[in-house]
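Asker: Note that the sequence shown covers residues 1 to 965 in full-length UniProt numbering.
To start, I am sharing the structure in question, which I have written as structure tokens.
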Amino acid sequence: MAADNDPESEVFEITDFTTASEWERFVSRVEEVLNDWKLIGSNIGKPPEKGEYTTGTWEEKSREINFADFKFAITHHYLKQERPESEGKEDDEEDAFPLAMQDLLCMNNDFPPRAHCIVRWYGVREFVVISPGANCEAVISESKCNLLLSSVSIALGNTGCQVPLFVQIQQKWRKMYTGECQGPGVRTDFEMVHLRKVPSQYNHLSGLLDIFKAKVGCPLTPLPPVNIAIRFTYILQDWQQYSWPQQPPDFDALLAGEVGGVEFGKLPFGACEDPISELHLATTWPQLTEGIVVDNDVYSDLDPLQAPQWSVRVRKADNPQCLLGDFLMEFLKLCGRKESTDEILGRSLAEEEGKENSDITQALSKLTEPTAVPIPKLSVSNMVHSARKRISRHRRNDQSPLNNDVLNSILLYLFPDSALDKSDSNEAKATPSNPERGKSDQDKETEDYNLFSTLKSAPWDCLTYRLALCVCLVNFYHGGVKAVAHLWQEFVLEMRNCWENNYLIYGLPAGPPDLRCCLLHQKLQMLNCCIEHKKARDGARKDTAGENGLALPQASPGKSRDSWSDSEDEFFECLSDTEDIKDTPADGVKATGAKIKPEGRLQPHGKLTLLNSKEPLYIPVTQEPAPMTEDVLEEQSEVLAKLGTSAEGAHLRARMQSACLLSDMESFKAANPGCSLEDFVRWYSPRDYVEEEVSDEAGGTVLQGSLSARMKIPGNMWVEAWESAKVTPARRQRRLFDDTKEAERVLHYLAVQKPSDLTRHLLPCIVHAAILKVKEEEMVEDITTVRKIIPQVVSHASKLLRHPSPDLKKLEDTINQITMLEATVARARSLRAKFGLGKGDRGEDTEDLELFVSSLLDEPEVAVIGAGRGPAGSIIHKLFVSAQRAALLAPLDEEAGRVGGPDERKPAGGGVPDFPPPAGREILLRTCVPRPAPYSKALPQRLFCVLMREDFRLAGAFSSDTSFF
């Protein structure tokens, strides 16, 4: 007893009923999210307009919540709409149904083609979904499903939210959603049934009506009429009466060399397969009433040709093979090759040098052999050049990757002037530098013509542009990288031939290198500048020799007179014996006291006269600054930057930059004997000669000039250059631009380029050509979406291609964008051919068909005007009939019978049905009845039925009055 009365022996078990369970915490989190999203209380809105579910903007926001350690995602989906004015509606809001219940009966957006599956099945414009997280297992057990549904019901009741709340159950691929919507005294339960096969008793409208009536359980008799909407979908995959319009290239002709020069200027375009894989025809009966239509297991009134509404959508082929895209991708792959041209062609440099040395030895021996031909007509340069040509011919015949005919066609396309008489080459080559042949002045001002500066490529149809097209086509059709290496080697040989024979390069714009273009184009322009200077120098020598009575040495036929001198110290013109200016002072007076004869005058400089005399001031003939390519400019900038900021470095930098200034000073002294630095500054830099009004002895004012302050700084570079400048006209000065050295530098640069380097140089040009090709094809088809996307592709490509080493992965994305545009154009072309456009025989229907076809490319679903009796509907009907006849091996008969049942049973006459069995049937049943008692409110009831070959789904929304449950 003592032990029993001991207070320490007593144990009290205390249960804290205020501690929340995991289930209560989950409900609380759901309520918190609904409050944060302001979904509490009643919601108002105007009825959605027809088609607004498809054309409107759907938005969503999501958040993560936990049930213990299980993660859920809660997402709010809603159609963005303007909130209507609520004045005078406060009294009605308390008794108004929730928007979701009102949407159940709305018929403006049945069967939306582009919407969330819940929107299509239940017709609601706003809803919240709770679904398992990305890495969480599905909610399959019945107890867990019931727990989630009860959580949803409690959260809606506690918050007063009138937005329907769904939970995703079962496997995710089944898309099973159940939920609930609560309002003042009303509730709608969203339920779903999903089976793999359609039960035979529910394979028609009659059986589905029985299910709907049984589920509604309306106590009223007779039952209010049920509103019915039906849609059957037919799929066309076999285009029997239509052939794909894309003509494949003639590979046999291409490989056999039967290719004209013009063919190499065209990029292929189009899809190799039909980019439209399927056509889906939806036949809709939007508003039917029970008893009007019969559809059971014996007979059906649902004839697709009699459907009042037709709509069509097309299914596009996934990643169709496109010719232009394949060409660009294969061209881009060349950038990954590491081999040099010699390694690819399978010969070593030692073998090449041994052959060349052998030929040179033979050339020297020929020079020493007695011959009747005068010795001046032979030269080592000629023999070396002929040896190179023999090596090239020997390789071409034995192991040439390119067929001779193909190579000749390419060279003729690149250099069409080669077909001209070489005697007329000077005239023919003087004007070929116009790559815009065949284009009008208006075309030159278009954006397309200036696209090369945006992409840093080359002008349309210039030599570089055509070379890019040839390399791309040769790589794809004629042997890949080996053929590219062979073509490039022949191209470099042709460039050397142009230089050695003073032939201007055909198809290059005249003038110095255009820094807006790619580097390869600049190099070719630089070589052309060298040839122009060389021709001008040779012409000047001829003129000078003729004036002085000198005989020029005879050069061998086809060889330029470059034997004067190729040294760095070469002058433009050799001096005669009577012209000795070595000891001429700067004042322009010889030691004998006689004045120097002025030379190299261009024209008087206005009315200016020399300060030391009354002689007019003449503008001299000067040398042009040496042209440079961007890589040489960059090298020069780096050299100047490395000189540093010290006084010695700054002085050396100034001397390096004053070569042109010194040349101009010498030319000025030769044109204006007795001139001063002030005279030169007045012409060369007028701002550095300051004139001021001063008083003279007579009390008047006169203008007195002097050099500016910067010209008077001690050690000024201008003063030093003027003191060291000799009296030498431009034609006898040392060349500022050594064309011989620069030409050899360019030719060496071209010769050492690998195929991968060549590809990187030509990538901007080939992208340029591809964009122009897409634009050209788009203009034929007139596709708005392609026209809008092209500027975006150009902008993206320009950012990549202007970089010296573009990112190849990003360039691949650009090529994929171009391929996508090509596929879009091919789809438009395919649809136009299917609907008979472009034949010019449809008359008044052409405009409607054009609009219909263009809409198919942009919109998810397009209504067919006139349904089966309209122009587009008639064509679609014929396509189905043709496919049916081919599938059942029946002759094409326009008068064949038609069928009118959901399973397209054959007509009594045994004819072939016009349409195949529908791939999918959708039936929507709606009514408004009181539930659960006769005195309850009349509430909306809805059942959406999907019947497919391996899918049967019932999505029901059933409303009940909770006031008198």
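Positions of the beta carbon are idealized from the N, C-alpha and C atoms, including for glycine.
This structure is a prediction, so every number in the text was calculated from the model and none was measured.
1. Alpha carbon to alpha carbon, how far is E781 from R829? Give it in angstroms, no decimals.
2. May I have the straight-line CA-CA distance separating residue 967 from N672, to the nearest angstrom?
3. Quick one: using the 10 Å Cβ neighbour count with 16 as the cut-off for buried, is A933 buried or exposed?
4. Out of L414, Y503 and I505, point me to the one whose CA is closest to L469's CA.
5. Pick from L947, K266 and E180: whose alpha carbon is nearest that of W460?
6. Have a look at the DSSP bridge pairing and note the partners of C322.
7. Tell me the residue span of the beta strand (DSSP E) that contains W239.
8. Could you pull out every unbroken beta strand (DSSP E) segment of at least 3 residues lying fully inside the region 448-523, listed in chain order?
9. Under three-state DSSP, which class holds P930?
10. Please determine, among S882, V33, D845 and V719, the residue with the shortest C-alpha to C-alpha distance to I865.
11. Taking E31 as part of the beta strand (DSSP E), name the residues at either end of that continuous run.
12. For L703, which option in E692, M711, R710 and K712 has the closest C-alpha, if you only look at C-alpha atoms?
13. So within the region 134-181, which uninterrupted beta strand (DSSP E) runs reach at least 3 residues, ignoring any that extend past its ends?
14. Can you say whether S959 is buried or exposed, counting buried as having 16 or more other CB atoms within 10 angstroms of its CB?
15. Tell me the rounded alpha-carbon separation between D583 and L707.
16. Could I get the ranges of all uninterrupted beta strand (DSSP E) runs contained in the UniProt domain "Rab3GAP catalytic subunit conserved" (596-750), with 3 residues as the minimum, in chain order?
17. Is it the case that the Cβ atoms of H204 and D103 are separated by a distance below 8 Å?
18. Looking at A458 and the ligand MG, is the gap between the Cβ and the nearest heavy atom below 7 Å?
19. Pull up the distance between the alpha-carbon of R561 and that of H748, whole angstroms please.
20. Taking the alpha-carbon of L328 as reference, which of L473, G336 and V27 has the nearest alpha-carbon?
21. Can you tell me the Cα-Cα spacing of K773 and L758, whole angstroms?
22. Would DSSP call V853 helix, strand or coil?
23. Return the residue from the list P625, E490, D739 and S21 that minimises the CA-CA distance to A536.
24. Counting beta carbon pairs with one atom in the region 24-44 and one in the region 158-168, are three or more of them shorter than 8 Å?
25. Going by CA-CA distance only, name the one from L412, S663 and G207 that's closest to W718.
26. What do you reckon, are the CB atoms on Q525 and L508 nearer than 8 Å?
27. For D189, does the three-state DSSP call read helix, strand or coil?
28. Any idea if K834 is buried or exposed, counting beta-carbon neighbours within 10 angstroms, 16 or more meaning buried?
29. In chain order, what residues of the same chain lie with their CB nearer than 6 Å to the CB of S131, ignoring the 5 residues before and after it?
30. What number of angstroms, rounded off, separates the C-alpha of P308 from the C-alpha of H761?
31. What span of residues does the beta strand (DSSP E) with A73 cover, start to end?
32. Can you tell me whether P918 is helix, strand or coil according to DSSP?
33. Can you give the beta carbon distance from V786 to T824, rounded, assuming they're within the 8 Å contact cut?
34. Put Q201 into one of helix, strand or coil per three-state DSSP.
35. My output table needs one value for I276: the three-state DSSP class, helix, strand or coil.
36. Assign N475 to one of two classes, buried (16 or more other C-beta atoms within 10 Å of its C-beta) or exposed (fewer than that).
Answerer: Well, looking at it:
1. Position 829 of the sequence shown, counted from the first residue, corresponds to residue 829. Position 781 of the sequence shown, counted from the first residue, corresponds to residue 781. So the two alpha carbons sit approximately 7 Å from each other.
2. Because the chain in this structure spans residues 1 to 965, residue 967 falls outside the shown range and cannot be described.
3. For this step, residue 933 is matched to residue 933 along the sequence shown. Exposed: under 16 other Cβ atoms inside 10 Å.
4. As a working mapping, residue 469 is identified with position 469 in the sequence shown. Of the candidates L414, Y503 and I505, the one whose C-alpha sits nearest the C-alpha of L469 is L414.
5. What you label residue 460 is simply residue 460 of the sequence shown in a count that begins at 1. Residue K266 is the option with its Cα nearest to W460.
6. Numbered from 1 along the sequence shown, position 322 holds the residue referred to as residue 322. A271, per the DSSP bridge assignment.
7. Counting from 1 along the sequence shown, the entry for residue 239 is found at position 239. Taken as a continuous stretch (DSSP letters only), W239 belongs to no beta strand (DSSP E), as it is neither H nor E.
8. none
9. For the purposes of this step, residue 930 is taken as residue 930 along the sequence shown, with counting starting at 1. DSSP places P930 in strand when its eight states are reduced to three.
10. Stepping through the sequence shown from its first residue, residue 865 is reached at position 865. Of the listed residues, the one whose Cα sits closest to I865 is D845.
11. Here residue 31 corresponds to residue number 31 of the sequence shown, with the count starting at 1. E31 -> not in any beta strand (DSSP E); alpha helix (DSSP H) instead, spanning E22 to D36.
12. Taking the first residue of the sequence shown as position 1, residue 703 is located at position 703. If we check each option's Cα against that of L703, E692 comes out closest.
13. 165-169
14. Along the sequence shown, one-based indexing puts residue 959 at 959. So S959 counts as buried.
15. The residue labelled residue 583 in the question sits at position 583 within the sequence shown. The residue labelled residue 707 in the question sits at position 707 within the sequence shown. Because D583 sits at a pLDDT of 41, beneath the cut-off of 50, its placement in the model cannot be relied upon, and the following sentence gives the value as read from the coordinates. Their Cα atoms are separated by approximately 28 Å.
16. 601-609, 616-620, 689-695 and 701-707
17. Walking along the sequence shown from the start, residue 204 turns up at place 204. Walking along the sequence shown from the start, residue 103 turns up at place 103. Not in contact: H204 and D103 (Cβ atoms no closer than 8 Å).
18. The ligand MG is not part of the structure shown, which contains no ligands of any sort.
19. In the sequence shown, counting from the first residue as 1, residue 561 sits at position 561. In the sequence shown, counting from the first residue as 1, residue 748 sits at position 748. With a pLDDT of only 30 at R561, under the threshold of 50, the placement of this residue in the model should not be trusted, and no figure is reported.
20. Taking the first residue of the sequence shown as 1, we reach residue 328 at position 328. Among L473, G336 and V27, the Cα nearest to that of L328 is on L473.
21. Numbered from its first residue, the sequence shown carries residue 773 at position 773. Numbered from its first residue, the sequence shown carries residue 758 at position 758. Computed Cα separation, rounded: 22 Å.
22. Working through the sequence shown from its first residue, we reach residue 853 at position 853. Reduced to three states, the DSSP call for V853 is helix.
23. On the sequence shown, position 536 is the one that residue 536 refers to. Taking only the C-alpha atoms, the option nearest A536 is D739.
24. yes
25. Looking up residue 718 in the sequence shown gives position 718. With distances taken between Cα atoms, W718 lies closest to S663.
26. As a working note, residue 525 is residue 525 in the sequence shown. As a working note, residue 508 is residue 508 in the sequence shown. For Q525 and L508, yes; Cβs fall inside 8 Å.
27. Here the question's residue 189 lines up with position 189 in the sequence shown. DSSP places D189 in strand when its eight states are reduced to three.
28. The residue given as residue 834 occupies position 834 in the sequence shown. Buried, since its Cβ has 16 or more Cβ neighbours within 10 Å.
29. In the sequence shown, residue 131 corresponds to position 131, counting from 1. The answer, listed in chain order, is A73 and Q168.
30. As a working mapping, residue 308 is identified with position 308 in the sequence shown. As a working mapping, residue 761 is identified with position 761 in the sequence shown. Near 60 Å, if we compare the C-alpha coordinates of H761 and P308.
31. The residue given as residue 73 occupies position 73 in the sequence shown. Looking at the DSSP string, the run of the beta strand (DSSP E) that includes A73 is F70 to L79.
32. For this step, residue 918 is matched to residue 918 along the sequence shown. It is coil, neither helix nor strand.
33. Residue mapping note: residue 786 aligns to position 786 of the sequence shown, counting from 1. Residue mapping note: residue 824 aligns to position 824 of the sequence shown, counting from 1. Right, the Cβ-Cβ distance comes to about 5 Å (below 8 Å), so this counts as a contact.
34. Translated into the one-based positions of the sequence shown, residue 201 becomes position 201. The answer is helix: DSSP assigns Q201 an H, G or I state.
35. Position 276 of the sequence shown holds residue 276. Note: I276 maps to strand in three-state DSSP.
36. What you label residue 475 is simply residue 475 of the sequence shown in a count that begins at 1. Under this definition N475 is a buried residue.
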